[in-house]
Every structure is written in structure tokens, then in C-alpha cells.
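Read the structure below first, then the notes.
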Amino acid sequence: MRNNRGNHRSIKWLILLIPTLTIGLWEYVRHAFLLPYFSMELGNFLAPFIVLAVTLTLVRSLFARLEQSQRALQREKETNAALEERENLARELHDGISQSMFLLAVKLDQLDALADEGPVKELAEGLRETVRVMNEDVRQAIANLRLPPSPAAAAWVVPLRELLGETAAMTEAHAEFNWSIPDASLTDKEKVELHACVREALINVRKHAKASKVLVVGEANGLGGFRCSVEDDGKGFNGDPLNVHGRFGLRMVRDRATSMGWSFLAERRGDRTIIELSKMGGKAL
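Residue numbers for the sequence shown, in this note's numbering: 299 to 583.
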């Protein structure tokens, strides 16, 4: 942001100084070299036209750069505000829900130690497993919130490729990453939400699919929108995957997509499970 602010100030000073420097340079050239050929009246008549010509060339281009700089500053301010908000939310999750769940797990351990074999012990074990799953989901949510959205070209995509590689290594699966969505076609908010959705879908594959092949595809649709999918050849799901007890990942992806106005699809096609997000195009959110 400091570089953008410095460029912003430099452009404004140039806009202010160029007309003055133009007049000064014209007067010097006229008196030093052109006085025998131009009368004072003609020189005075030509001066405003020279300033106008310089303004239409140099100053006009500087105004265009100034507008670009202003837009870049505004994007950086919005990004920093979003990062601060996400960091505050992540801190609240960590200090509140995460610690409460840890305390609940400790209490369950105490209950388990006191309980004999039977229904109470089985209930304690079931509750502990639920707490463990929820704790993983909260930690993942905190990690997603603390992931900085970067306006640099494709920098935000790199962690997705790394996560795909980690998922493939852990599950001994073959991984493919095909990404061709133009970075400039997405807003910073869209990058944050799309990153979180793909990340959650990959974690879902890692935890549940037992796949031998995982594919991530991101492609533009030619209308200013995109299609993004996470596909695997794992065991898939029976029935509605959004209503599976104790699993919240796909519901989070659906809710994020809905809030952005994107289409969400989770289905089984042949031997592949596909989680797909798509945006038809038009004005970005």
C-alpha cells in the first residue's frame, strides 16, 4: 500500500507541475532560439495551444494512471478491512467455541473414567467423537479465516495446489490441478470465498472419500463467470450428502456459494463424485 500511496502522490505532483514546466520550457526555447523567427504576439498566442497539446497527451494519461492508482488503493483498503474482520472472527472462534469444546472434551474424559462398561460409556465415546469432528471443523474454519486473500496474480491459488498435493500424498491418490480462471475476473471477496469452498471440498475428500484420483478444475465460461469443481473416484455418498449426520463441510460450501449468488452441485456421475461451483457471469459481487 505504501508504494501505491507514493505513486498516487507523485502523479498528483506531476499533474500540477507539467503545465508550469511546459510554459517555462516554451518561454526559454522561444527567447533563446526562436525569437528571431517568432514575434512576441505570436509566441503569446501559441503558448496556450502548446499547454493544451501537452495536457491532452501527458496530463491526460497521468489522470488515467491516477484513477488506476485510486482504484488500487481502494481495493487494498477493502482487502485489509476484510483481513482484519476475518482475523477478529478467527480470534473469537478460537477464544470462544474452540476452548469451550476443549473443556467439553476434558469433561467427557472424566465421565468416561467414572463410567463402567455399558450405555453411559458408549454415550461418552459417541459424544467424544462428535466433539472431535466439530473441533476439527472449527480449527479448519479458523485456518480458512486466517488465509490472506492476495490480489497478486494467482498467489491465492498456490495453497490450493499444495493442499491437493498433501491430500494426494495422504491418501496415495493421483492428483490433477487444472486452473485457468483469469485472476482479474474475480474480486477479492470472490477469491476468498472460492478458496474456502475448494479447500473445504478437498478436506472432505481427504477425510471421507478414500479416492485413488482427485481432480481440481477451475475454468472461465467465456461470459465473465466460471466453473470450479473438485472431483474424485472415491466411495461417494448415499442419498443427500448435505443431510449426513455429523458432517458439515459440504453444507458450509453450499452456504458460501449461495451467499455469493453461485450455483452449487454435489452429485455422483458414474464412478466420480463431483462438487461443483459455478457463476454464470455478469456483475461481480
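Positions of the beta carbon are idealized from the N, C-alpha and C atoms, including for glycine.
Reduced DSSP secondary structure (H/G/I, E/B, other) of residue i
i	result
F535	coil
G530	Note that residue 530 corresponds to Asp in the displayed sequence, not to Gly. Reduced to three states, the DSSP call for D530 is strand.
V515	strand
K252	Past the edges of the chain, shown from 299 to 583, lies residue 252, and the structure says nothing about it.
G322	helix
W477	strand
S337	coil
L484	coil
V455	coil
Distance, residue j Cα to residue i Cα
i	j	result
V404	A422	11 Å
F343	W454	57 Å
G523	L458	20 Å
G322	L371	33 Å
A494	P480	18 Å
L360	R369	14 Å
D530	S367	43 Å
R566	E376	38 Å
F347	A330	20 Å
T571	G532	7 Å
A411	N433	21 Å
V349	P334	22 Å
V503	E382	30 Å
Whole-Å CB distance - residue i paired with residue j, under 8 Å assumed
i	j	result
G547	I501	6 Å
V436	L402	Actually they are not in contact, since the Cβ atoms of V436 and L402 sit about 12 Å apart, beyond 8 Å.
E574	R525	7 Å
R328	G341	5 Å
G579	L521	3 Å
A518	S483	6 Å
L462	F475	5 Å
A471	V512	5 Å
Status (buried if at least 16 other CB within 10 Å, exposed otherwise) for residue i
i	result
T355	exposed
L332	exposed
T465	buried
A351	exposed
K577	buried
R307	exposed
G424	exposed
E498	buried
According to DSSP, residues forming a beta bridge with residue i
i	result
T571	D530 and R566
H472	K511
L522	Here residue 522 is Gly; the residue named in the question, Leu, does not match the sequence. For G522, which the question treats as bridged, DSSP gives the partners G579.
S561	S576
Chain B within 7 Å of residue i, Cβ atoms only
i	result
F343	In the structure shown, chain B does not exist; there is a single protein chain.
The ligand PLP heavy atom lying under 6 Å from the CB of residue i
i	result
A467	As far as ligands go, the structure on display features none, and thus does not contain the ligand PLP.
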